[in-house]
Amino acid sequence: MEAGERIAGLVERTPLIETEFNGQRIWLKCECLQTGGAFKLRGATNRLLQLSPEERSRGVVAFSSGNHARGVAIAAKRLGIRAIIVMPSDAPAVKIEGTRAEGAEIVFYDRYRESREAIAAKLSEET
Numbered sequence: 000m001e002a003g004e005r006i007a008g009l010v011e012r013t014p015l016i017e018t019e020f021n022g023q024r025i026w027l028k029c030e031c032l033q034t035g036g037a038f039k040l041r042g043a044t045n046r047l048l049q050l051s052p053e054e055r056s057r058g059v060v061a062f063s064s065g066n067h068a069r070g071v072a073i074a075a076k077r078l079g080i081r082a083i084i085v086m087p088s089d090a091p092a093v094k095i096e097g098t099r100a101e102g103a104e105i106v107f108y109d110r111y112r113e114s115r116e117a118i119a120a121k122l123s124e125e126t
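Going by numbering that gives the first Met the number 0, the letters in the sequence shown line up with residues 0 to 126, in that order.
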């Protein structure tokens, strides 16, 4: 199954707008109108849909300081999957609040002293 078929009905179908720039016809894909405000929800939804029932029951761990974090949180919430997001402690407040509002658990780290990859790997082993 292709990704587009897999995520149909679970993400918004955002408009494609034709316009002109410097005498050239261009198309704009308005992913800012997607739930969460970014295209990241598409990839997160596609990936989570491919998890086995056992993997879904364990939950997911991701790391991001912004749009991917929220995309994973939204997709996980819609699919009934627990999500833990590793975010830098200095991530923008709007990104933290948006991710938390979608039900994800956030684990903060110091981007200058800690490895997000190591933290995510440890959390993955524990879940």
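Ideal Cβ placement from N, Cα and C applies to all residues, glycine included. Keep in mind it's a predicted model, so treat the numbers as computed, not measured.
Its Cα nearest to that of G8, the residue T44 stands out among A103, I95, T44. The continuous alpha helix (DSSP H) containing A43 extends over residues 39–48. Taking all protein chains shown into account, N66 has 16 or more neighbouring C-beta atoms within 10 Å of its C-beta and is therefore buried. One alpha carbon belongs to V85, the other to G58, and they sit about 14 Å apart. Setting aside the 5 residues that flank it on each side, L40 is surrounded in the same chain by V10, Q33, T34, G70, I73, A74, each with a C-beta closer than 7 Å to its C-beta; the list follows chain order. Collapsing the DSSP output to three states places E96 in a helix. Runs of the alpha helix (DSSP H) lying entirely within the segment 60–86 and spanning at least 4 residues, in chain order: 66–78. Taking a contact as a CB-CB distance under 8 Å, the pair I6 and L48 counts as one, their CB atoms being some 7 Å apart.
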